[in-house]
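Enquirer:
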Amino acid sequence: MDSNSDKQGGSATTITAVHQNIIETHILTRFDGPALASTASTSHLLHTLCNQDELWEDLCNSTWNSIKDPLVRQIISTFSGGYRSFFSDSFPLLRPNPSEGSYIGQVHNSELISAVDMYYGNDPVYSNVKATDTSDSNFLGLQFCIDLLDGEGTSKMPIKYEGDEKKCILDFEEKLRLSWIIIDPKLKRAANVSSLRPISVRPCWVDGSGIKVKYATIVSGDNRGIYTTEFVECRVTAIFRFEGKNIKLKELSLCVVDMDWTRLNGEKSLRILKEALHNGLRKKATGGEEKEMYAKFVDLKRKKRDEVKKENIVDRFMDFLWRFSNPFAEE
3 MDSNSDKQGG SATTITAVHQ NIIETHILTR FDGPALASTA STSHLLHTLC NQDELWEDLC
63 NSTWNSIKDP LVRQIISTFS GGYRSFFSDS FPLLRPNPSE GSYIGQVHNS ELISAVDMYY
123 GNDPVYSNVK ATDTSDSNFL GLQFCIDLLD GEGTSKMPIK YEGDEKKCIL DFEEKLRLSW
183 IIIDPKLKRA ANVSSLRPIS VRPCWVDGSG IKVKYATIVS GDNRGIYTTE FVECRVTAIF
243 RFEGKNIKLK ELSLCVVDMD WTRLNGEKSL RILKEALHNG LRKKATGGEE KEMYAKFVDL
303 KRKKRDEVKK ENIVDRFMDF LWRFSNPFAE E
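The number in my numbering is simply the position in the sequence shown, starting from 1, with 2 added.
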């Protein structure tokens, strides 16, 4: 009886027996985001400790170098849950939400923030933050594209090219990861629109030898107005050039592409991105899931294109029959 009481008492006081400072500085700091969130649900004490903003700030800073930028720090400070909310928004990958509709709020914004980080293995090799002015009417009507290197030339990568293109492609497929976080200061929401791992890596011979790497995330499209699209692709393109043994990043850009392979304009892209930030599903990244989802998206696009071709053939055939039966019809 006493033995059971001791055991029960021991199990009940296990967490409180550990000094709070030890839990904060030596245990919780070793956890990743999902582990922290899971631990927070086990007890009131751990819930309090795991929700400290300083803990989540350190976790964000160790995950993304770009988050240390003063502009990004200032915006995150306005989020209702601070760094914890930001991590919850940005660490998982976006997924289409079948129940979401087109964003009905105001599309016009003052700016959209891109916080971008590239890693080779576990080593950060490139980081940048860019604010895009979206209030200009020209931006809304023109093709949507955020180019991080616009006007900045190239960025030399701390990776060497040893002359074997195939090996370089395989290395990039395996090791080159990219995070592109879109932040909306007005919505106070963020989302990662990159697939983290490449969807495709292939040679690029435009303006010299190099490699083109593509990342993509599929989100729900826009069903407002006459023109609608069920799904869209948030496409990140990175182009590298070989200069001797040096590898330089020449282009890093984001665009939004519909199911007809058409790049959308600023207004539609903003509406879709805002809806994804606000209502898009978030899911922890797994091995090859992004490639599988992208393959399904491409297959869906091909089927749609084939259906349109068949409809056009039928329309032309019916038109031919009508003209054949009405030889005096006007052209």
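Glycine included, every Cβ here is placed at the ideal spot set by N, Cα and C.
Quick caveat, the model's predicted, so the values are computed rather than measured.
1) Once you ignore the five residues that flank residue 70 on each side, which residues in its own chain have a CB closer than 6 Å to its CB?
2) Can you say whether residue 240 is buried or exposed, counting buried as having 16 or more other CB atoms within 10 angstroms of its CB?
3) Count the other CB atoms, across all protein chains shown, that sit within 10 Å of the CB of residue 144; report buried if there are 16 or more and exposed otherwise.
4) May I have a chain-ordered list of the alpha helix (DSSP H) segments no shorter than 4 residues that lie completely inside the segment 104-163?
5) Apart from the five residues on each side of it in sequence, which residues of its chain come closer than 8 Å, Cβ to Cβ, to residue 28?
6) Would you call the CB atoms of residue 136 and residue 113 closer than 8 Å?
7) Does the separation of the CB atoms of residue 257 and residue 141 fall below 8 Å?
8) Would you tell me roughly how many angstroms separate the C-alpha atoms of residue 134 and residue 87, rounded to the nearest one?
9) Whole-angstrom Cβ separation of residue 199 and residue 179, contact assumed at under 8 Å?
10) Pick helix, strand or coil for residue 257, following the three-state DSSP scheme.
11) Give me the residue from 268, 262, 237, 226 with the minimum Cα distance to residue 220.
12) CB-CB under 6 Å to residue 302, same chain, minus the five flanking residues each way: which ones, in chain order?
13) So for residue 221, helix, strand or coil by DSSP?
14) Taking contact to mean 3 or more Cβ pairs, one atom from each stretch, closer than 8 Å, check whether the segment 268-276 and the segment 167-176 are in contact.
15) Rank 208, 222, 226, 202 by C-alpha distance to the C-alpha of residue 216 and give the top, closest one.
16) Kindly indicate which residue of 96, 244, 194 has the alpha-carbon position closest to the one of residue 159.
17) For residue 151 versus residue 251, is the C-beta spacing smaller than 8 Å?
Expert: In short:
1) Cβ-Cβ distances below 6 Å link residue 70 to 63 in the same chain, with the five nearest sequence neighbours on each side left out; the list follows chain order.
2) Buried: at least 16 other Cβ atoms inside 10 Å.
3) By the neighbour-count rule (16 or more Cβ atoms within 10 Å), residue 144 is not buried but exposed.
4) 139-143
5) Residue placement at residue 28 is flagged as unreliable, the pLDDT there being 45, under the threshold of 50; a coordinate-derived value is accordingly withheld.
6) yes
7) no
8) 23 Å
9) 6 Å
10) strand
11) 237
12) none
13) strand
14) Short answer: they don't touch.
15) 202
16) Nearest of 96, 244, 194 to residue 159, Cα basis: 244.
17) Taking 8 Å as the Cβ cut-off, residue 151 and residue 251 qualify as a contacting pair.
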